[in-house]
Each structure stands twice: as C-alpha cells, then as structure tokens.
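Asker: In the working numbering, the protein residues as written are 1 to 743. Don't be surprised by glycine CBs; every beta carbon is placed ideally from N, CA and C. Values in this document were obtained by computation on a predicted structure and should not be read as measured data.
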Amino acid sequence: MKDDLYPQKIHILALGFCAVSTQAVFLRELLGLFHGTEFTLGFLLSSWLLWIAAGGLLGGGWSKKAQNKKRLTRILSIMTGALLPLTIIIIRLSRGILQEARGEFPGYLKALLFAFMIIGPFTFFYGMIYNTASALFREKFGSIRESITSVYRLEAAGSIAGALIFSFLLLRHFTQLEAAFIVFMTVLTVSLSTFRFSWRPFAIVTFGVAACLALLPSVAEIDSGSYARIFPQYDLKGFLSSKYAELVAVSREGMLSVYAGGSRVISIPEPEIVEETVHIPLLSHDDPVDLLIIGSSFESVIEESAKHPSVRSVDLMNLDDGISELIAEVSEKDPGRWIEIGDAGRESLNLRRIYGDPRALLGSTRKKYDLIIISVPEPINIQWNRFYTREFFTVVKNALAEGGIAAVSHISSENYISARQAVVLNIIVNTIREVFDDVAVIPGGRAHFIAGEDCVGIIAKIFFNLEDRALDTRYINGSFLPSRLSPERVEHLKSSLEAHALDIVNSDLYPVLPYHELILEAERKRSGAAEALEAVFRVPVYIFPAAVIVILALMIVFSRRRTMDRTAVFITGFSSFLFQISVMTLFQVFSGILYYGLILISAFFMTGISLGSSFRNPGSERPSAAVRFLHISFLILSAALVFLVLNSAGLDLMRIASRWILYAFSFLNGFITGSYYRVIVSSSYIENERSVPAVYYSTDLFGASLGGLIGGFFLLPVAGIRSTLLLMAAIHLMALFTIRIRE
C-alpha cells in the first residue's frame with residue numbers, strides 16, 4: 001500500500017541532514033572567531049538549542065492557524081536552507097569587523113552576543129518546522145503522541161546520514177561554503193519535489209543537480225571573497241579546512257602568514273622569533289646531538305639548528321600537515337618529508353619530518369632525544385593546551401635521553417609582568433615541576449621554561465655556550481642577550497612569579513590554562529570580561545556543582561504532578577547535554593581533532609536517539625519503573641566514563657582507542673535520552689486545543705541549552721571534567737528517588 005506520508009518523511013530526513021550540517025559549519029566558522037576556544041563551544045551549542053526550543057514553542061500557535069501545513073513546512077524548509085550559506089557569509093564579513101587586528105581575540109562579550117544572534121534565524125525557523133511536521137504526521141498515526149516521536153526519530157535519522165555524508169564526502173572535496181550551498185540545494189530540491197510526488201520529482205532532482213553544478217564556480221568566488229574580508233589589507237593566498245582547524249594563508253610586505261582557527265601559527269620569514277625558539281634551548285644544553293622540535297617545522301628552523309656543531313639529527317613533528325600543504329600550495333614549494341642539509345665544514349644533518357599527533361607519536365617512540373623543543377601557540381584552547389599539561393610533560397620526559405632537557409615558551413614581557421600574566425606563567429611552572437626535577441624560567445618578550453634534572457646556573461651556561469660555539473646569528477648574540485638576561489630582569493621575573501604564586505596544576509582532566517588565557521586576552525583588550533572571568537574562577541570548586549543540584553532539586557520539589565513529566569524531560573536534557581559537552585572535551589584532550597570529530601560525535605548521539613526513540617513504548621504499562629531504569633542507566637554511563645578516564649594512564653585504553661570509546665559513549669547517551677523521551681511522550685502527552693506538539697521537544701532543548709551553558713562556562717573550566725561527570729551521576733541519583741511519572 002502506498003505510503004501517503006512518504007514525501008514528508010523524505011522531507012524531514014532532508015531537514016535533519018541540513019540541521020546537523022548547519023550546526024557543524026556554524027560551529028566551525030564561529031570557533032574561528034573565538035580562536036577555537038572549546039569553553040565557548042558550550043555557549044554556542046546552548047544558543048543553538050535555545051533558539052530551536054524557542055521556535056518550537058512560539059511556532060506552535062502559528063502552525064495551528066495555518067490551513068495548509070504542507071505549504072508552510074515547505075516555505076520554512078526553503079528559508080532555513082537558504083539561511084545556511086547566507087549566514088556563513090555574514091559570519092565571515094562580521095569577523096573582519098569584530099577582529100580589530102588579525103590574530104587578535106575580539107571583544108569577548110561583543111563576540112558572544114554576535115554569535116548568539118547570528119545563530120538565531122536559522123535555528124528559530126527550524127524549531128518551528130517541528131510543530132508543522134508533527135501536525136502533518138498526526139493525520140497518518142491518528143495520535144499526536146506517535147507523530148511527535150516519529151518526527152523526532154526521522155529528524156535523528158536524517159542527522160545521522162547528514163553527519164556521515166558531510167564528514168566523509170562534502171568536507172573532503174568542497175570548502176565549507178560550497179558544502180553549505182550543496183546542502184541548501186538538497187533541501188530546496190526535496191522541498192520542491194514534495195509539491196506533487198508523482199512524475200515531477202525526477203525532473204526536479206535533475207534540475208537541482210544541474211543548477212548546483214552550474215552555480216558552484218560562482219560560490220567558489222564568493223568563498224574566496226568572504227575570506228579576503230576577514231583579512232583586509234592582506235593578500236589572500238589560499239585556504240583549506242584541515243581536520244584540526246580552518247587554515248588561511250595571507251601575505252603582506254613579503255611575509256607569508258598562516259592562521260589556524262583565527263590564531264596565527266607561523267609567519268615566513270620571521271628570523272627573530274625563529275632564532276629565539278631554536279637557540280635559547282640549544283644553548284641551554286652542553287652537547288645536544290638528537291633534537292626534536294614540535295610545532296615549527298620549516299626551513300628557517302632547520303638552518304638555525306644546523307649552526308650548532310654537535311647537532312646530528314633533527315626530527316620535526318607537526319600536528320597538522322595541512323599547514324605544510326597550504327604553504328607548499330601557495331609558495332609552489334615541495335615541503336618534503338625527508339631532507340639532508342650539510343655545509344662544507346661538517347657532516348650532513350639528518351632531518352626527519354613527521355606529521356601526526358606528537359602526544360601519540362612520542363608515547364610510542366623508542367628514540368631518545370637530548371633536547372625537545374615544544375614550539376606551539378599559547379594554550380588559548382584545549383587543542384593547544386594538550387601540549388602544556390602534566391600528562392604531556394610526562395610523555396616528553398620519557399622520550400628524553402639521560403641528561404636531556406625540554407623547552408617550552410610563552411608570551412611574556414621583559415620589563416613588566418601583570419598579575420594575570422604571572423598567574424599563567426606560574427601555572428606552567430607548577431605543571432612542569434610536577435614532572436621534572438627542576439625548571440628554569442628565562443625572561444624576555446617570550447618566557448622560556450627549561451626543564452630537566454638540574455637547571456641551576458642555566459643562564460651562565462647559555463652565555464658560555466654562546467661564546468664557545470661562535471654562532472652566526474642576527475638576534476641571539478653577545479650584543480642582545482646580556483641586556484635581556486640581565487640580573488635585574490631575572491630577579492624581576494622571579495619576584496613577580498613569587499608574588500602571584502598559585503597552587504594550580506594544568507592537567508588533561510582539569511584544563512585551567514585555556515580559561516586563564518581567556519582572562520589574559522580580555523585584560524589585553526581592556527575588557528570588563530577579565531574581571532568577570534576571574535571572579536568565576538575564584539569561586540570554590542564545589543559551589544557550581546552544589547548549586548546545580550540544589551536548583552534541580554527545587555524544580556522537582558515545586559513541580560506539580562501534572563508538570564513533573566516536563567521537569568523530568570528538562571533535567572534529562574540538561575544532564576544528557578552536560579555529558580555530551582564532557583565527551584567533546586575529552587575527545588579534544590585525547591585526540592586533538594574535535595574540529596573534525598564534532599559532527600561524528602553528533603552522528604553517534606543522534607543514532608542513539610533514533611534507535612532509543614524507535615522502541616514501541618517501553619514504559620506504556622509502568623512508565624515510572626521505566627523512568628527509574630533509565631535514570632540508573634544514565635548513572636552507570638557517567639560512572640563508567642569516570643572510571644575509564646581515571647584509569648586511562650595505566651591502561652592506555654583511552655589513548656589507544658579514545659575516539660571509538662567516546663563515540664560509543666556518545667551513542668549510549670543518545671540511546672538512553674531517546675528512550676527517555678519516548679517513555680515521557682507516550683505516557684504523559686495530553687492532547688487538547690492548547691497543547692503544542694513541540695512542548696516536550698522544546699523542554700528537552702531548553703534543559704540541554706542550560707546544560708551546555710553552565711557546563712562550558714562554569715563546570716568544566718572551574719570544576720574540571722571528572723567533577724562534571726560525577727555531577728551528572730549525582731543528578732540521576734537524585735532523580736531516581738524523587739521523580740515520579742503519572743501512570
């Protein structure tokens with residue numbers, strides 16, 4: 001028998017595909033505005049969910065009044081599809097305005113407000129579609145309860161397909177704007193084909209494909225022009241999207257610069273910074289032979305390393321091979337993976353270029369190094385924070401030969417160090433001392449941290465080796481260093497750090513440095529956000545989790561019997577998304593590729609929701625018992641992840657298969673959430689003239705929105721990942737004994 005709702009089902013699947021693709025593109029574009037700061041991710045996802053929930057509730061009345069719900073659904077679908085590429089262009093144009101200087105962090109509050117507003121139009125209209133689609137499906141199922149869960153399930157299924165197609169096909173062969181345009185054309189084609197689902201669809205699909213192919217060259221020109229507006233007064237050379245970040249290459253006055261996620265990662269040529277990065281650590285070692293440099297892997301670094309006569313081999317590890325690929329593309333040079341450099345007066349220098357995650361590579365290598373230089377951007381986000389944690393320094397120490405040293409640097413000041421700058425430097429010192437026997441801090445525009453077995457007298461050693469090796473350098477020489485490393489400046493740095501000493505260590509599960517980097521950036525921008533962020537961090541660790549438990553408990557206590565079901569959905573949405581934020585953070589900690597993996601995490605979550613909500617009313621006879629069982633399941637899920645995380649160092653389980661383990665946890669979270677939603681809607685939804693189909697959908701999203709906001713801004717940076725997961729367990733333990741659903 002012909003399914004009358006078949007066109008509408010395809011339509012909802014297409015909208016789910018559009019939604020997950022849009023979420024991924026919006027987040028990737030906006031993370032570039034915030035330099036990839038993952039703590040902002042909670043706010044962005046929270047804003048996304050909040051607008052959809054608002055559209056679901058406010059659009060309920062409008063959808064009821066509409067006489068032709070199919071037509072309204074098509075109109076809203078085409079509007080949301082068209083908003084996808086349009087919003088990307090607006091984001092890029094606005095980034096050029098909000099970022100006063102390239103590579104600078106924009107005004108924090110201003111950028112947050114912009115992000116919240118720019119997400120609004122697409123998500124609000126998308127939320128409205130849920131009501132009209134549910135009303136259409138009611139005619140088939142005869143019950144609004146069944147139509148609500150059917151739309152919920154179809155949307156999730158479309159999201160799964162969208163995540164897979166977008167990740168493995170569109171993003172690999174098209175730019176983000178081109179991929180967004182293809183998604184829009186897909187939604188437009190499906191929407192038009194549902195007008196009469198007989199002979200027309202094939203012709204419409206053919207036309208849609210032809211139009212997409214014809215217009216893609218024009219989209220490519222718009223793409224290039226929009227990137228150019230982000231970098232005014234620069235010459236745009238090229239751009240690509242790697243699995244780690246959005247990469248853009250620009251040039252000005254003969255200098256080529258590459259920006260990753262909004263932050264400048266390298267400029268060529270930049271002799272002063274290169275000399276400082278290489279020579280200060282090399283001069284700190286008496287006889288460096290085997291050298292490893294993490295981060296800076298370009299010709300100038302090689303040339304400077306070769307000036308030290310004892311150096312025989314240099315391994316260059318670069319997290320993102322996309323940077324080398326982009327530089328090679330715009331400069332028409334072959335970056336090469338193996339090169340030999342030699343000069344007339346010495347043996348050849350063996351050079352090895354290695355692309356991949358240095359944490360994983362160092363953890364598995366048998367080679368030992370005399371010196372490891374960590375030359376990566378400041379830890380403004382968790383991706384770069386991974387190279388400033390206790391766990392990473394432990395990996396580095398294990399890769400050092402006997403008597404070897406490690407070096408890392410951070411932006412500082414030669415003559416004045418503010419209290420907030422001193423806090424950041426102190427955290428780095430504390431973290432290194434957790435692993436190494438000794439650490440010396442060398443002052444300057446960049447403070448260098450030299451870690452090893454014994455770093456006493458390191459400055460005297462630098463001067464001795466500088467004279468002994470007779471280096472041919474422009475900046476690190478006998479004229480420059482005596483002033484920079486004068487006893488007065490050394491003492492000033494030491495006293496500044498002592499005056500603002502804190503007993504805080506940066507770790508994978510308690511990534512405090514990115515939060516303090518945000519405070520420092522806000523101070524540099526002279527923004528009031530610095531004081532606000534600092535005040536949040538001063539709150540005792542237990543306050544935020546305790547406040548969450550109290551507020552949710554009060555919601556349960558003051559919920560009437562007829563509203564307890566919505567309270568239960570709200571709390572489950574809150575905790576479920578809190579768990580998702582924790583999974584995303586852990587994914588970044590263990591793999592560093594959240595920029596790429598974000599959409600796949602969402603795909604596994606939506607797969608779980610789709611399957612969980614597909615079961616035939618698992619709580620129809622005893623919904624309270626089913627709800628209690630699901631709360632126990634949530635409790636076990638959070639406890640299991642805490643156990644794995646705490647034992648990951650000993651078992652190496654998370655580091656070997658972290659991605660798939662976290663995908664599995666995301667799936668299970670979605671499965672339990674979908675099952676919970678099905679139980680509540682099937683047992684509690686009351687249909688009358690005032691009821692809005694999206695009431696539980698919106699309540700779930702409002703809870704998830706609050707969970708993302710509180711988790712991203714307060715719980716994760718202040719309490720850490722472990723405490724956040726334990727909070728989720730506590731929430732469901734409380735709900736297990738307090739929530740009762742009417743039967």
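Between leucine 283 and isoleucine 222, what straight-line distance do the alpha-carbon atoms span, to the nearest angstrom?
Answerer: If you take the alpha carbons of leucine 283 and isoleucine 222, they lie about 49 Å apart.
Asker: Per DSSP, what kind of secondary structure is glycine 342 in: helix, strand or coil?
Answerer: Because the pLDDT at glycine 342 is just 40, under 50, the model does not fix this residue reliably, and the point stays unresolved.
Asker: Drop a sphere of 10 angstroms on the beta-carbon of arginine 353, count the other beta-carbons inside from all chains shown, and report buried for 16 or more, exposed for fewer.
Answerer: Buried.
Asker: So, does the segment 284-295 touch the segment 478-494, judging by three or more C-beta pairs under 8 Å?
Answerer: These segments do not touch.
Asker: Starting from the Cα of histidine 35, find the closest Cα among Pro514, Tyr510, Ile551, Leu736 and give me that residue.
Answerer: Answer by Cα proximity: Pro514.
Asker: If you compare alpha carbons, which of Ile519, Asn385, Tyr475 is closest to threonine 431?
Answerer: For the residues Ile519, Asn385, Tyr475, the minimum Cα distance to threonine 431 belongs to Asn385.
Asker: Could you give the DSSP three-state label for phenylalanine 393: helix, strand or coil?
Answerer: Looking at phenylalanine 393 - three-state DSSP - the assignment turns out to be helix.
Asker: Mind checking whether serine 582 and isoleucine 462 have CB atoms under 7 Å apart?
Answerer: Result no, Cβ atoms of serine 582 and isoleucine 462 do not sit closer than 7 Å.
Asker: Grab the span of the alpha helix (DSSP H) containing serine 602 for me, first residue to last.
Answerer: Run containing serine 602: 594-612, per the alpha helix (DSSP H) assignment.
Asker: Apart from the five residues just before and just after alanine 156, which ones in its own chain have a Cβ nearer than 6 Å to its Cβ?
Answerer: So the qualifying residues of the chain are Met606, Ile609, Ser610.
Asker: Does the segment 452-466 come into contact with the segment 267-274, if we say contact requires no fewer than three beta-carbon pairs (one atom in each stretch) closer than 8 Å?
Answerer: With a cut-off of 8 Å, the segment 267-274 and the segment 452-466 do not count as touching, because too few Cβ pairs lie within range.
Asker: In terms of alpha-carbon separation, which member of Thr673, Ile710, Leu637, Ser675 lies closest to isoleucine 661?
Answerer: When each option's Cα is compared against that of isoleucine 661, the closest is Leu637.
Asker: Measuring straight from C-alpha to C-alpha, what distance separates alanine 249 and leucine 31?
Answerer: About 18 Å.
Asker: What does a CB cutoff of less than 6 Å around serine 21 pick up in its chain, not counting 5 residues either side in sequence?
Answerer: Contacts found: Gly162, Phe166, Val183.
Asker: Closest by CA to leucine 361, which one among Asn318, Ser324, Leu112?
Answerer: Nearest option by C-alpha distance: Asn318.
Asker: Out of Asp315, Ile476, Gly444, Ala419, which one is the CA nearest neighbour of lysine 368?
Answerer: Checking every option, the nearest Cα to that of lysine 368 belongs to Asp315.
Asker: Where are the beta strand (DSSP E) runs, 3 residues long or more, that stay fully inside the segment 472-503, in chain order?
Answerer: As far as the segment 472-503 is concerned, it has no whole beta strand (DSSP E) run of at least 3 residues.
Asker: Going by other Cβ atoms of all chains shown within 10 Å of its Cβ, with 16 needed for buried, is arginine 337 buried or exposed?
Answerer: Any answer about arginine 337 is weak, because its pLDDT of 35 lies below 50 and its placement is not dependable; what the coordinates show is given next. The residue in question, arginine 337, is exposed, as its Cβ has fewer than 16 Cβ neighbours within 10 Å.
Asker: Out of Ile118, Arg484, Gly158, which has the shortest C-alpha to C-alpha gap to leucine 33?
Answerer: The residue with the shortest Cα to Cα distance from leucine 33 is Ile118.
Asker: For glycine 127, which residues of its own chain have a beta-carbon under 6 Å away from its beta-carbon, when the five flanking residues on both sides are left out?
Answerer: Excluding residues within five positions, the ones whose Cβ falls inside 6 Å are Ile52, Gly55, Gly56.
Asker: How many Å lie between leucine 98 and valine 681 at the Cα?
Answerer: Near 44 Å, if we compare the C-alpha coordinates of valine 681 and leucine 98.
Asker: Would glutamine 233 be called buried (16 or more neighbouring beta carbons within 10 Å of its own) or exposed?
Answerer: So glutamine 233 ends up on the exposed side.
Asker: Since leucine 630 contacts isoleucine 571 with CB under 8 Å, what's their CB separation in whole angstroms?
Answerer: Wrong, their Cβ atoms sit about 12 Å apart, outside the cutoff.
Asker: Going by C-alpha distance, which of Lys237, Ala532, Leu41 is nearest alanine 328?
Answerer: Taking only the C-alpha atoms, the option nearest alanine 328 is Lys237.
Asker: Pop quiz: valine 512 and alanine 719 are said to be a contact at Cβ under 8 Å. What is the actual Cβ separation, rounded to whole angstroms?
Answerer: 11 Å between Cβ atoms; not a contact.
Asker: With a threshold of 16 other CB atoms inside 10 Å of the CB of aspartate 453, please say whether the residue is buried or exposed.
Answerer: The identity of residue 453 in the sequence shown is glutamate, whereas the question assumes aspartate. Result: exposed.
Asker: Would you report the Cα separation of arginine 832 and tyrosine 676, rounded to the nearest angstrom?
Answerer: Nothing can be reported for residue 832: it is not among the residues displayed for the chain, which extend from 1 to 743.
Asker: What would DSSP say about histidine 35, mapped onto helix, strand or coil?
Answerer: Coil.
Asker: Please name the residue, chosen from Glu303, Ala24, Thr40, Lys243, that lies closest to leucine 177 on a Cα-to-Cα basis.
Answerer: Taking only the C-alpha atoms, the option nearest leucine 177 is Ala24.
Asker: Compare the C-alpha of histidine 448 against each of Asn465, Val429, Glu434 and name the closest.
Answerer: Here the closest residue by C-alpha is Val429.
Asker: The beta strand (DSSP E) that contains asparagine 350, what's its start and end?
Answerer: Taken as a continuous stretch (DSSP letters only), the beta strand (DSSP E) holding asparagine 350 covers 349-355.
Asker: Here's the rule: buried if 16 or more other CB atoms are within 10 angstroms of the residue's CB, otherwise exposed. What is lysine 397?
Answerer: Its Cβ being crowded by 16 or more others within 10 Å, lysine 397 is buried.
Asker: Using 7 Å as the threshold, is the C-beta distance between serine 191 and isoleucine 78 below it?
Answerer: Result yes, Cβ atoms of serine 191 and isoleucine 78 sit closer than 7 Å.
Asker: Report the residue from Leu93, Ile160, Gly707 whose alpha carbon sits nearest the alpha carbon of alanine 547.
Answerer: It is Gly707.
Asker: If you draw a straight line from the C-alpha of leucine 19 to the C-alpha of leucine 164, how long is it?
Answerer: Going by the sequence as given, residue 19 is alanine instead of leucine. Alanine 19 and leucine 164: Cα-Cα distance of roughly 13 Å.
Asker: Does the beta-carbon of isoleucine 374 have 16 or more other beta-carbons within 10 angstroms, so that it is buried, or is it exposed?
Answerer: Isoleucine 374 is buried by the Cβ-count criterion.
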